[in-house]
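Written below as structure tokens is the structure these notes are about.
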Amino acid sequence: MSAAASHGPDTDPTVRVLLADDQHLVRTGFRVILEVEDDIEVVGEAADGERAVTMSRATRPDVVLMDVEMPGMNGLEATRQIVADGPGAPAVLILTTFDRDDYLFAALRAGASGFLLKNGTPEELIEAIRVLARGDGLLAPEITRRVISTFARPGDPTGTAHRGPDADAALAELTPREREVLMLLAAGSSNAEIAATIHLGEATVKTHVSRVLAKLGLRDRVQAVVFAYENGVVRPGG
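Residues 350 to 587 (the working numbering) make up the sequence shown, in order.
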């Protein structure tokens, strides 16, 4: 993810946000909410996925607030293309609802870094954007439970997936402590909760999380949750 832009040593970093939604009134509402914040700047608006990809590459925002259902290219494909730009690409914050699990999991696999409920508050939207701009993924406990439920595969008594050789090789690089941290990430634990569980300082936990993501080639903790369940590192109830 690109770092939040800074305008000088005496100013706070400004989070640059691109809005992608096919409804003009919705985009206007988001802009009004966000632009009253001193540390957030809306750098553009897109009414469809194709335009979102183009504008993301042109404006280099820190966060893209992405709707899913849009004409032409939808938000899921736009997310895939934006994330595929590699290092420096913005984080994507998906607007989602609980009645469309197919969107949720497709967005997870597309590389979205966060999910926001459409019935959330302005304060939750602002905090979510700031979280992603810091380089953290955002996965609410309710969504984590849905991930767990989905990856408990019917007919598989262990609830585990089958790892490929690449995943095995990456997991072999983890220390026992890093593997423990991965399992706690998969449970949806925050850094503070992980620190309390394994009796370490939060700074140390943050270092462990960074190493886990680097060794597994993952973008953020949201991808770590998906990786852990898809590759059978943890299983529901385990």
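Even glycine gets a Cβ: it sits at the ideal position worked out from N, Cα and C.
Selection from Val-583, Arg-458 and Gly-421 that minimises the alpha carbon distance to Arg-429
Arg-458
Locate the beta strand (DSSP E) running through Leu-444, then write down its first and last residues.
440–445
When burial is assigned at 16 or more other CB atoms within 10 Å of the CB, is Ala-407 buried or exposed?
exposed
Quick one: Cα of Asn-540 to Cα of Val-554, how far?
6 Å
I need the straight-line Cα distance from Ile-389 to Arg-483, nearest angstrom please.
13 Å
Once the 5 residues before and after Ala-577 are set aside, which same chain residues still bring their CB inside 8 Å of it?
Leu-531, Met-532, Leu-534, Ala-535 and Val-583
How big is the Cα-Cα spacing for His-557 and Gly-550?
11 Å
Using only the alpha-carbon positions, how far apart do Val-575 and Pro-471 sit?
27 Å
Given this structure, state the Cα-to-Cα distance separating Arg-528 from Val-480, to the nearest angstrom.
24 Å
Taking Gly-463 as the reference, which of Ala-455, Val-375 and Val-441 has the closest Cα?
Val-441
Using 8 Å as the threshold, is the C-beta distance between Asp-451 and Gly-421 below it?
no
Count the other CB atoms, across all protein chains shown, that sit within 10 Å of the CB of Ser-559; report buried if there are 16 or more and exposed otherwise.
exposed
Select from Val-412, Glu-399 and Asn-468 the residue whose C-alpha is nearest the C-alpha of Val-364.
Val-412
Which listed residue (Asp-434, Ile-478, Asn-423 and Glu-476) has its alpha carbon closest to that of Ala-456:
Asn-423
I'd like to know whether the C-beta atoms of Leu-414 and Val-366 end up nearer to each other than 8 Å.
yes
Contacts around Val-417, its chain only, beta-carbon distance under 8 Å, and the 5 residues preceding and following it disregarded
Asn-423, Gly-424, Leu-425, Ile-443, Leu-444, Thr-445, Arg-449, Tyr-452 and Ala-456
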